[in-house]
Amino acid sequence: MLRQAAHDGWDLPSSRDEAWRWSDLSALPGIASQRPAGTLPDALPWLECANDGPRLLFVDGALVAGRSRLDGIAIGPVEAEAAGHPLGRLVPGDGWTLRLGRGHAPAAPVQIVHFGTGGANHLAARVALEEDAQASVVETYVGEGWSNRLTDIALAKGARLMLARRTGSAGFVSLTDRASVGEGASLVVANLAAGTADTRLDGLIRLAGEGAYAEAGGALLARGRQRHDVNLVVRHERPGGTSRQVWRSVADDRATCSVAARVEVAPGAQKTDGEQSLKGLLLSRAATINAKPELEIFADDVKCAHGATVGELDRNALFYMASRGISEAEGKALLTRAFVADAIDRIGEEDVRRAFGAHAEQWLGRAHG
Amino acid sequence: MSDADQIQGRNREAQEAVDRASAYEWGFTSDIEQDFAPKGLSEDTVRYISAKKNEPQWMLDWRLKAYRAWLGMEEVSWAKLDIPAIDFQDAYYYAEPRQKPELKSLDELDPEIRRTYEKLGIPIEEQKVLAGVEGARKVAVDAVFDSVSVATTFREELKKAGVIFLSISEAVREHPELVRKYLGSVVPQRDNFFACLNSAVFSDGTFVYIPEGVRCPMELSTYFRINAANTGQFERTLIVADKGSYVSYLEGCTAPMRDENQLHAAVVELVALDDAEIKYSTVQNWYPGDAEGKGGIYNFVTKRGACRGARSKISWTQVETGSAITWKYPSCILQGEESVGEFYSVALTNNRQQADTGTKMIHIGRNSRSTIVSKGISAGRSNNTYRGLVRVLANAEGVRNFTQCDSLLLGDQCGAHTVPYIEVRNPSAQIEHEATTSKISDDQLFYAMSRGLNREDSVALIVNGFAREVLQQLPMEFAVEAQKLLGISLEGSVG
Chain S
1 MLRQAAHDGW DLPSSRDEAW RWSDLSALPG IASQRPAGTL PDALPWLECA
51 NDGPRLLFVD GALVAGRSRL DGIAIGPVEA EAAGHPLGRL VPGDGWTLRL
101 GRGHAPAAPV QIVHFGTGGA NHLAARVALE EDAQASVVET YVGEGWSNRL
151 TDIALAKGAR LMLARRTGSA GFVSLTDRAS VGEGASLVVA NLAAGTADTR
201 LDGLIRLAGE GAYAEAGGAL LARGRQRHDV NLVVRHERPG GTSRQVWRSV
251 ADDRATCSVA ARVEVAPGAQ KTDGEQSLKG LLLSRAATIN AKPELEIFAD
301 DVKCAHGATV GELDRNALFY MASRGISEAE GKALLTRAFV ADAIDRIGEE
351 DVRRAFGAHA EQWLGRAHG
Chain U
1 MSDADQIQGR NREAQEAVDR ASAYEWGFTS DIEQDFAPKG LSEDTVRYIS
51 AKKNEPQWML DWRLKAYRAW LGMEEVSWAK LDIPAIDFQD AYYYAEPRQK
101 PELKSLDELD PEIRRTYEKL GIPIEEQKVL AGVEGARKVA VDAVFDSVSV
151 ATTFREELKK AGVIFLSISE AVREHPELVR KYLGSVVPQR DNFFACLNSA
201 VFSDGTFVYI PEGVRCPMEL STYFRINAAN TGQFERTLIV ADKGSYVSYL
251 EGCTAPMRDE NQLHAAVVEL VALDDAEIKY STVQNWYPGD AEGKGGIYNF
301 VTKRGACRGA RSKISWTQVE TGSAITWKYP SCILQGEESV GEFYSVALTN
351 NRQQADTGTK MIHIGRNSRS TIVSKGISAG RSNNTYRGLV RVLANAEGVR
401 NFTQCDSLLL GDQCGAHTVP YIEVRNPSAQ IEHEATTSKI SDDQLFYAMS
451 RGLNREDSVA LIVNGFAREV LQQLPMEFAV EAQKLLGISL EGSVG
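These protein sequences, in sequence, are chains S and U. Quick note on numbering: our numbering labels position 185 of the first sequence as 185, and the sequence is numbered without any gaps. Quick note on numbering: our numbering labels position 478 of the second sequence as 478, and the sequence is numbered without any gaps.
This is the structure:
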């Protein structure tokens, strides 16, 4: 199922395009022209979970059936489309589909490992939950090359989905999400971008039913010349919806973290409650943080607020810790950890939260030696 | 007149203003013979304007260069605005009153123009000074009637202080060295489509130079007004504050009612050298179009200040209630160490008005600071956007910024949007941004009405409270006018 997109005539956006003003996609054609090595890894970053659920291993976008356990997940054509999106549209319609019937709630999360060995690979996915169904999906990106994904999410009335993703690979990971959240349904998307890959996350989450809930956020950790780039829209289409966007960016060395997050409130979507919190932490002189917390509101009875801050670690807090005998390096590590924890601690599932916390910890350990 | 009388008088005025009909009060047209440039825009138009103003060759060359650059530029499309196509060939680029007086005082003005000013409500303070009231606060007015400055008062007193306060065409002739040095140095010709157009065809405007160490003895003020049908107004303002000087500049605008949409593309450039401070206040109340969105001014303004010197300060305050379309981002380039930029804004849109306004704070100098307070009020079927940028460059140590953007929605047919950009390349920066969106709560209304106010007054009161932080930045005369305007502009929007 390895897909090789036609690389000519891609027409990749440039920083002149508003939604891509902080992006740098110039490396993509180069990565795509590499030949994948195709070798299978021995150890894979499966999560330790109390219950074992489905496991999917994709190497360069192709399912390795021998090391996967499908448990009802369908592999084949996927109903997902992002015609207007410059990266999403490169994804042909094949991939995996998770469909749960009314009231189904498997105890174990679906685990997916995407392993890249070079070159470009594209994969589509769809999660469709019927009324009151519940699922958790955990995706991990490792290896190298360019992994390009398109994910379509449809949650019916009362359904709940937790989608957690972490990138620990090299190369480039681009994720394009299209989600529709029905009446009283809940979608939580948590991201952890560590590793050395550049990442681009594009999300459009529509709160299409009354009283829907959506949460999208995460921690972006960047060093070297790495770039993490988020472009997210949460659209309240019906009354009574609630959304939360909590992003924590840490940029070291010459790295750049950018978050453009928008809350849209459509006419008539009264009683909307939307909140954004975008915070950036600069650990080095040459690092860059960009933030664009945007509100677009067409209803009057709403509660929408956002806060954004950018800066370095609080000198007063560092001084306080130093006066308590904590070394500077330790103090910095503690404060940075607390900063990142704001985003990670929101992950509700304990197994996942622990694994993501440990992953972030590993990155931070390197930052502060 | 005692203080109590004064306050009573002000209250009465405010009450009268509120009582007036919701139709655009200042929609009148004065009939004065006008000299027009031929309709349309070409190199000949540019030459015509330049010749009319007896400009030196370098000025004409500068205009022509801008015109040629403009031909290759495109209109801006990124703002959240629905801008109808503008036919730039279907407008007059120059109109001036036939009588071109060199006046010593307003008394000598063409009575027709004089009456126009009266209808405009040139401030009481100004009238007091004219009547010889002692101790009255002084405001110097450079009134722009369509395109040519017809009266400049207080010139003598300013001269004594060494302050140059001239129309820009006079300044081109009398102080070419200063104009050449600073014109286009903050807003380059090719900066954007409308600034470029302005550079080619600017008709008149104001030039201010405050010499080193001088605190300008009075507030300087210009009243802009668009009068003749179909003449775009292209004002050019240039204010230079030399080392250690201070100036406060007021700009107020009204325009008569017209059916065709009128284009206004002004450029304002401010330069503050070491320790200098410029305070620039605007009340903009151009015709917004009728309730159905017919007519109204298109206001595309490029305003930018350069804090070139150490410890220099530029403060923009604006109250925007008029215009069908507002596209305006008064900005500060904070080059000097410890320089300060401020932006205080109230933008009110009603009916079918559209406003996309905000600021840019570019931090280049060490320890530079900026404050942004933006209050957007949307009513009717209008759209109101705050668009701002805070950028901290890599070498700018110790930068601080605080931004607050609040939106108030009146009714469920309007839109309020916030588009802030934050770009930080220096870790010592401390950047904070907050935004909220709210409506007038029933509790607030109930409270105000239980105290005997009617619904409309209650709303005006609450809106004024919402905008308070900005209004209190305005000089006294303007603050009163601005409060009235907020009330008037909201008339008919409260159910």
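Glycine included, C-beta positions come from ideal geometry on N, C-alpha and C.
For residue i, the first and last residue of its enclosing alpha helix (DSSP H)
{"i": "U/Q57", "result": "57–71"}
{"i": "U/I86", "result": "Here U/I86 belongs to no alpha helix (DSSP H), and DSSP marks it neither H nor E."}
{"i": "U/M449", "result": "442–450"}
{"i": "S/D42", "result": "Premise fails: S/D42 is in no alpha helix (DSSP H) and is neither H nor E."}
Cβ-Cβ distance between residue i and residue j below 7 Å
{"i": "U/G398", "j": "U/S428", "result": "yes"}
{"i": "U/I297", "j": "U/S323", "result": "yes"}
{"i": "S/V78", "j": "S/F115", "result": "no"}
{"i": "S/I370", "j": "S/V310", "result": "The displayed coordinates of chain S run from 1 to 369. Any statement about residue 370 of chain S would go beyond what the structure contains."}
{"i": "S/V142", "j": "S/P54", "result": "no"}
{"i": "S/D152", "j": "S/A80", "result": "yes"}
{"i": "U/S167", "j": "U/K53", "result": "no"}
{"i": "U/S458", "j": "U/A448", "result": "yes"}
Interface flag, residue i vs chain U, CB-CB below 7 Å
{"i": "S/K279", "result": "no"}
{"i": "S/T288", "result": "yes"}
{"i": "S/S282", "result": "What sits at residue 282 of chain S in the sequence shown is Leu, not Ser. Yes, contact with chain U."}
{"i": "S/L364", "result": "no"}
{"i": "S/G369", "result": "Reliability fails at S/G369, whose pLDDT of 47 lies under 50, so the model's placement of it is uncertain and no value is given."}
{"i": "S/V310", "result": "yes"}
{"i": "S/E296", "result": "yes"}
{"i": "S/K271", "result": "no"}
{"i": "S/C304", "result": "yes"}
{"i": "S/N191", "result": "no"}
Interface flag, residue i vs chain S, CB-CB below 7 Å
{"i": "U/Y421", "result": "yes"}
{"i": "U/H417", "result": "yes"}
{"i": "U/I364", "result": "no"}
{"i": "U/I431", "result": "yes"}
{"i": "U/E434", "result": "yes"}
{"i": "U/S149", "result": "Caution applies to U/S149, whose pLDDT of 47 falls short of 50 and renders its modelled position unreliable; the value that the coordinates give is listed next. No, because no Cβ of chain S sits closer than 7 Å to the Cβ of U/S149."}
{"i": "U/T326", "result": "no"}
{"i": "U/A21", "result": "Because U/A21 sits at a pLDDT of 35, beneath the cut-off of 50, its placement in the model cannot be relied upon, and the following sentence gives the value as read from the coordinates. So, not an interface residue."}
{"i": "U/P427", "result": "yes"}
{"i": "U/P475", "result": "no"}
{"i": "U/D412", "result": "yes"}
{"i": "U/T371", "result": "no"}
{"i": "U/K439", "result": "yes"}
{"i": "U/V267", "result": "no"}
{"i": "U/V424", "result": "yes"}
{"i": "U/L409", "result": "yes"}
Sheet register partners of residue i (DSSP bridge)
{"i": "U/Q413", "result": "Answer is none; U/Q413 lacks a bridge partner."}
{"i": "S/P293", "result": "S/A261"}
{"i": "S/T97", "result": "S/A74, S/R126"}
{"i": "S/C304", "result": "S/G274, U/T437"}
Min CB distance residue i to chain B below 7 Å
{"i": "U/R387", "result": "Structure shown: chain B not included; protein chains present are S and U."}
Minimum C-alpha distance to residue i - residue among the options
{"i": "U/E434", "options": "S/A305, S/K271, S/V127", "result": "S/A305"}
{"i": "U/E75", "options": "U/S407, U/W327, U/D457, U/E170", "result": "U/W327"}
{"i": "U/R236", "options": "U/L263, U/V208, U/F202", "result": "U/F202"}
{"i": "S/W247", "options": "S/G84, S/A19, S/I347", "result": "S/I347"}
{"i": "U/A467", "options": "U/D87, U/G376, U/I168, U/I278", "result": "U/G376"}
{"i": "U/T436", "options": "U/L461, U/M449, U/P84, U/C405", "result": "U/C405"}
{"i": "S/A179", "options": "S/F172, S/R35, S/A170, S/V189", "result": "S/V189"}
{"i": "U/G244", "options": "U/K484, U/S378, U/I314", "result": "U/I314"}
{"i": "S/H236", "options": "S/A222, S/E215, S/L129, S/H104", "result": "S/E215"}
{"i": "S/G224", "options": "S/A197, S/A212, S/T242, S/D301", "result": "S/A197"}
Delimiting residues of the beta strand (DSSP E) encompassing residue i
{"i": "S/P77", "result": "74–77"}
{"i": "S/G116", "result": "110–129"}
{"i": "S/K279", "result": "273–282"}
{"i": "S/E215", "result": "213–222"}
{"i": "S/R206", "result": "198–207"}
{"i": "S/M321", "result": "Segment 315–323 is the alpha helix (DSSP H) holding S/M321; no beta strand (DSSP E) there."}
{"i": "U/Y344", "result": "340–349"}
{"i": "U/I362", "result": "354–363"}
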